[in-house]
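J.:
This is the structure:
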């Protein structure tokens, strides 16, 4: 069974040959780094992920956390992995040196975290949530909050969560009921219930810092009345040390299809004892603040989906090379030796699809991470602004596309294994179960579709979309080999059709036909996502075609030829599927909109 989590040669290709990550060291923030330090930290992540995370992935899936005598019991390996991650500096890896961080680029940190998720999504959830919650406090918290919580979270002493969802209000945050009542002592009393809170209770850290959305008494209705609060599991003194228990308690553990190593909890606030919460930033601005964490999480969900898909692909590729079964269709002698199943064209089809989905998704997510680097560190203010607009536009795609096609890759991995893939003796069924969460959490893919077509496309007079087309044009023009030119032409023609459809949909929205226009938003997300991933594959194909002529070994030539063949698969087998989306969107098909509940 392979221990490859992500193909390091592919990762190096994506980082250095496609994205030129090495050029980041020319920026002041990363000036103390080099390609060697980037590679060293990636090597550390790969090794630690294999030794500390992958070693209990299956065990944590089979022996999920239990609620016993008021405590959550977990495998000790989970805490050991969390502590190792923190001690190696990964929790604070992207943060300033004076916060104990390494000031690593988001591109490099994303690559590192990919190994941990591929190795063990359940255990990796705890540090990832903690980093995101800490970043909220870093950006929006006051000095006292930073003193009490930030350093403890970045050191791994405390963990963090995001508490949004309520039993009666899933994606509809406007309907949350958790309340916050101000006190004369400067804190608020939090009262309510939250559900599906990942990491909401565990036995890993000394304290858990919940970032909770609630409404202050008398707040405006809907999302405009939401505020953000820090609600620690234990009260914290002025030096950041935990004290007595706060009034937040575990109402129950939720048992999931996959991702079992991460506790999913129902939490109650203020039921058994007063629950103290501390307002972050200004009142009624909580959703704006939380969107920073949610958008980080959405990009993380997409990345996780891509690398779990990648992990399954690595397993099924090795299996297909080793498993002997049958003979080629042209072989008539029944006594001839059996061949590895990778010699069968249909198995190659399934492997090619996995390669296209996994490496395409990885490229998309790394591009998103690079946009984060450019947004915060590019020396040109205009470029920083443009990167932010591009990232805002693409976030729904970065979340949704890999989380749709990562599980599809895992499904194909099971199929490559055949009957063996359906058993728990092999790892690919767990990959699928773990990955199946990703189209759901941090905003379902249907929500992402509505966000893209209903809001992101039109923001700032579609400036982000204009910037995107300019960026794509650079790579379309860079396609100089015959194969790449054909793919560039295919992408360009599809893009032109998509622009016309987008303009038509925009007119419908302007005309007030909101429900009718957004009824097929998922078709638009599929169309848009496939165009973006085709672009990612053209970028890779251009780089591979350029490097192929100077490749000086069979392994390098094979690598680049594999990239080109996977690009061909995407352009021949995947991009044409958007034709149906174009027809449905062009006609504003009303099949789903006009279906009545009573007709089911």
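Residue numbers (full-length UniProt numbering): 1 to 600. By construction, the Cβ of each residue, glycine as well, lies at the ideal position given by its N, Cα and C atoms.
Leaving out the 5 sequence neighbours to the left and right, which residues in its chain are closer than 8 Å to residue 527 when beta-carbon positions are compared?
T.: Excluding sequence neighbours, residue 527 sits near 498, 501, 578, 581, 582, 585.
J.: Pull up the DSSP beta-bridge partners for residue 182, would you.
T.: Per DSSP, 188.
J.: Can you tell me whether residue 402 is helix, strand or coil according to DSSP?
T.: Here residue 402 sits in helix by DSSP.
J.: For the structure I just gave you, are there three or more beta carbon pairs, one from the stretch 9-19 and one from the stretch 362-370, closer than 8 Å?
T.: As far as the Cβ criterion goes, the stretch 9-19 touches the stretch 362-370, which means the pair count is three or higher.
J.: Less than 8 Å between the C-beta atoms of residue 545 and residue 564, yes or no?
T.: Cβ atoms of residue 545 and residue 564: closer than 8 Å.
J.: Short of 6 Å in beta carbon distance, which residues of its chain neighbour residue 281, apart from the five on each side in sequence? Order them along the chain.
T.: Cβ within range, chain order: 140, 289.
J.: Per DSSP, what kind of secondary structure is residue 207 in: helix, strand or coil?
T.: Three-state result, residue 207: strand.
J.: Does any residue of chain D bring its CB to less than 8 Å from the CB of residue 105?
T.: In the displayed structure, chain D is absent; only one protein chain is listed.
J.: Tell me which residues share the same chain as residue 576 and place their Cβ nearer than 8 Å to its Cβ, disregarding the 5 neighbours each side in the sequence.
T.: Cβ within range, chain order: n/a, list empty.
J.: Among 476, 496, 482, 212, which one has its Cα closest to the Cα of residue 488?
T.: Of 476, 496, 482, 212, the residue nearest in Cα terms is 476.
J.: Give the single residue among 340, 58, 104 whose Cα lies nearest to the Cα of residue 416.
T.: For residue 416, the nearest C-alpha among the options comes from 340.
J.: Note down, in chain order, each residue of its chain lying with its Cβ closer than 6 Å to the Cβ of residue 273, except the 5 sequence neighbours on either side.
T.: Excluding residues within five positions, the ones whose Cβ falls inside 6 Å are 247.
J.: Can you check the stretch 435-496 for any alpha helix (DSSP H) of at least 4 residues that lies completely inside it and give the ranges in chain order?
T.: Runs found: 445-454, 459-477.
J.: Quick one: is residue 429 buried, meaning 16 or more other Cβ sit within 10 Å of its Cβ, or exposed?
T.: Label assigned to residue 429: buried.
J.: Would you kindly work out how many angstroms separate the C-alpha atoms of residue 384 and residue 260, rounded to a whole number?
T.: Approximately 39 Å between the Cα atoms of the pair.
J.: Can you check the stretch 11-96 for any alpha helix (DSSP H) of at least 4 residues that lies completely inside it and give the ranges in chain order?
T.: Complete alpha helix (DSSP H) runs here, min 4: 35-48, 57-62, 76-87.
J.: Once you ignore the five residues that flank residue 150 on each side, which residues in its own chain have a CB closer than 8 Å to its CB?
T.: Answer for residue 150: 99, 134, 137, 138, 141, listed in chain order.
J.: As a quick exercise: from 63, 159, 5, 220, pick the residue whose alpha carbon is nearest that of residue 113.
T.: Checked all of 63, 159, 5, 220; the closest Cα to residue 113 is 5.
J.: Have a look at residue 511 and residue 386 and give me their C-alpha separation to the nearest angstrom.
T.: Their Cα atoms are separated by approximately 29 Å.
J.: What do you get for residue 433, buried or exposed, if any count of 16 or more other CB atoms within 10 angstroms of its CB means buried?
T.: Flag for residue 433 reads buried.
J.: Measuring CB to CB, does residue 163 end up less than 8 Å from residue 194?
T.: Yes, Cβ-Cβ distance for residue 163 and residue 194 is below 8 Å.
J.: Helix, strand or coil for residue 408, going by three-state DSSP, please let me know.
T.: DSSP places residue 408 in helix when its eight states are reduced to three.
J.: Is the stretch 89-103 touching the stretch 206-225, taking contact as three or more C-beta pairs under 8 Å?
T.: The stretch 89-103, when compared against the stretch 206-225, does not touch it at the 8 Å Cβ threshold.
J.: Going by CA-CA distance only, name the one from 172, 391, 45 that's closest to residue 118.
T.: The shortest Cα separation from residue 118 among 172, 391, 45 belongs to 45.
J.: Say whether the stretch 440-449 touches the stretch 459-478, bearing in mind that this needs 3 or more beta-carbon pairs closer than 8 Å, one atom from each stretch.
T.: Judged by Cβ distances under 8 Å, the stretch 440-449 makes no contact with the stretch 459-478, as fewer than three pairs qualify.
J.: What's the call for residue 315, buried or exposed, on a 16-neighbour Cβ count within 10 Å?
T.: With 16 or more other Cβ atoms within 10 Å, it is buried.
J.: Confirm, please, whether the CB-CB distance from residue 312 to residue 413 is below 8 Å.
T.: Yes, they are a contact pair.
J.: Among 181, 188, 566, 124, which residue has its Cα nearest to the Cα of residue 159?
T.: Ranking the options by Cα distance to residue 159, first place goes to 124.
J.: Going straight from the alpha carbon of residue 10 to that of residue 534, what length do you get?
T.: The alpha-carbon atoms of residue 10 and residue 534 are separated by roughly 17 Å.
J.: I want to know whether the stretch 175-187 touches the stretch 446-455 - three or more CB-CB distances under 8 Å.
T.: With a cut-off of 8 Å, the stretch 446-455 and the stretch 175-187 do not count as touching, because too few Cβ pairs lie within range.
J.: Just how far apart, CA to CA, sit residue 50 and residue 461?
T.: Looking at the two C-alpha atoms, the distance is approximately 47 Å.
J.: Can you round the beta-carbon distance between residue 234 and residue 243 to whole angstroms, since I take them to be within the 8 Å contact cut?
T.: With 8 Å as the limit, residue 234 and residue 243 qualify as a contact, their Cβ atoms being about 6 Å apart.
J.: Would you say residue 402 and residue 305 are within 8 Å of each other, going by their C-beta atoms?
T.: Closer than 8 Å, so yes.
J.: Sort 2, 18, 1, 3 by Cα distance to residue 560 and report the nearest one.
T.: With distances taken between Cα atoms, residue 560 lies closest to 18.
J.: Per DSSP, what kind of secondary structure is residue 3 in: helix, strand or coil?
T.: Residue 3: coil per DSSP, three-state reduction.
J.: Tell me the DSSP secondary structure of residue 517 in three-state form.
T.: DSSP places residue 517 in helix when its eight states are reduced to three.
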